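One structure is given here, and the rest of the page talks about it.
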Amino acid sequence: MGNPDSPSIDDLSGQPRPQGAGFEPGPYEYAVHTPFAPTVTLPKWPQNKKAALVLRFDDGTPGQAQLGIPALSRRKLTGTWYINPGRDIYPPNRSLWETAPSLNQELANHTMNHREVSGEELMQKEVEDAAREIWRIRGHAFNGSLMSFCLSTESVWPWTSTLKDQILGSLSNVDHQAYPGLTYAGYVNYSVPTGANSDMMYAIVPRIIESGNWGRVSFHGITAVAGASDWGVGAVHIDELNQFLDKVLAVTGDVWVAGQIQLYKYMQEQQRSTVTITDAYSDRVAFNLNASLSTLYDEPLALVVGLPAFWARCQVEQGSRVVVYDVRADHTALVYAVPNQGEIVVTQAQAAAQ
Ligand SMILES: [Zn+2]
């Protein structure tokens, strides 16, 4: 061991340092405020994942509330649940649906009553009443968060795309098929047929991972009685769903299981954000992350930040949020920040990573 204040190899340059002669012991050279050019890149998916998967459930059936939500929540997997709060079947399961956000489940808008209506006023009301219920459950204000919208296929409304955009836009709803400005050539969807087994449900997942893109598996009813429907909706058996979820759980190192609007927000932010470096020094790196998106786009975005070679940990500060991350062997840290929420300041951290 040499003099800790005089390391034999320079941390910054990797070159041998002069030892013993002409060197002022300490402080470390890296405490000095010297220029450093950081890099910030936005990976396509968070958490080092290769692809993303949406598990969606339509119609708010009793089996989904009673069997589906617990099956996903137990595994810490997020599902997207398109509910109809105005249908007869909703009140008996209301308390279950109301637990959804606290279990990291995403509620989505499938219209209030799942019925065919015409006239702008009634169409607006069908979307708005369901949206209001979902915001109430989320604890959000009117228009306080984005939500995914899917019109029931059985009910074809006589709305033009202009009217649809106007109604959905007025309610911060995003159509489940609308991904403007986003490319998703590898998009795949599997609509699970009645009585499907877990292998059938899972078959698409490796393809989604291989595509590097995102895809979804779409479910309807769930039942615990072999061969039964779920409130008249074609169903899969809960044992098969459980087996499917276990298979998904085994590949969560590769695939990000996300809610539909969560995924939408992430993709929009990832594609639309720009980074402007504001401070570039060996002891402090700072930058802005801006996107031409509203503040409803609040999904934490993954950022790979290239940092000085001698940093072992970094502290990332944005507004009141302060998080410590490890710096990886390649001198980058995978950190998270939200666009349009102020400067992101990265400094060397001494405390252990969370
Ligand atoms: Zn439906």
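In terms of the working numbering, the sequence shown opens at residue 766 and continues consecutively. Beta carbons are placed, not taken as given, at the ideal position from N, Cα and C, and that holds for glycine. Note that this is a predicted model, so its numbers are computed, not measured.
Comparing the CB of residue i with every heavy atom of ligand 1, is any distance shorter than 7 Å?
i	result
D1004	no
Using only CA atoms, which one of the options lies nearest to residue i?
i	options	result
A816	S1038, T1017, A1045 and M912	T1017
Q1033	P1104, R1086, V957 and D964	P1104
L911	V1110, H941, N1053 and D1004	H941
K814	V921, V1092, A1067 and A1077	A1067
G999	K1012, S983, Q1008 and D1011	S983
I902	T826, T1041, E863 and Y855	E863
T932	Q889, R897, I969 and A896	For the sequence presented, residue 932 should be read as Ile rather than Thr. Answer by Cα proximity: Q889.
V1070	T1060, I1042, P850 and N1055	I1042
G909	W1021, T1060, L872 and A1114	T1060
R972	D1004, L928, D1019 and N938	D1019
Y1046	A896, P1073 and Y1062	P1073
L820	L916, L1028, S860 and M877	L1028
T1097	Q870, G1107 and F1075	F1075
E1120	N878, I899, W900 and E898	Lying before the first or after the last residue shown, residue 1120 is absent from the chain, which here runs from 766 to 1119.
L1006	Y967, W979 and D1044	Y967
Label residue i either buried or exposed according to how many other C-beta atoms from any shown protein chain fall within 10 Å of its C-beta, with 16 as the threshold for buried.
i	result
H985	buried
N858	buried
T804	exposed
G1120	In the structure as shown, the chain starts at 766 and stops at 1119, and residue 1120 therefore has no counterpart that could be examined.
V1087	exposed
H875	buried
I1109	buried
N800	It should be noted that the sequence gives Pro, not Asn, for residue 800. When all chains shown are included, P800 counts as exposed.
A836	buried
Q812	exposed
P923	exposed
L1014	exposed
K841	exposed
F822	buried
D824	buried
Q829	buried
E886	exposed
V1111	buried
G791	Caution is warranted here: a pLDDT of 49 is assigned to G791, below 50, making its placement in the model unreliable, and no coordinate value can be reported.
P856	exposed
G844	buried
H1002	buried
V1040	buried
G904	exposed
G884	exposed
N938	buried
S956	exposed
G767	Interpretation of G767 is limited by its pLDDT of 43, a score under 50 that renders its predicted location unreliable; the figure taken from the coordinates is listed afterwards. Flag for G767 reads exposed.
Going along the chain, which residues put their C-beta within less than 6 Å of some heavy atom in ligand 1? D823, D824, H875, H879 and S917
Which ranges does the beta strand (DSSP E) cover as unbroken runs of at least 3 residues, wholly within the region 961-1031, from first to last along the chain?
979-984, 986-988, 1000-1002 and 1020-1022
Notebook entry, point to check: What are the start and end residues of each continuous beta strand (DSSP E) run of 3 or more residues lying completely inside the region 1058-1113, in chain order?
Noted result: 1066-1071, 1078-1083, 1086-1091, 1097-1102 and 1109-1113
Check: What are the start and end residues of each continuous beta strand (DSSP E) run of 3 or more residues lying completely inside the region 838-894, in chain order?
Finding: 845-848 and 871-874
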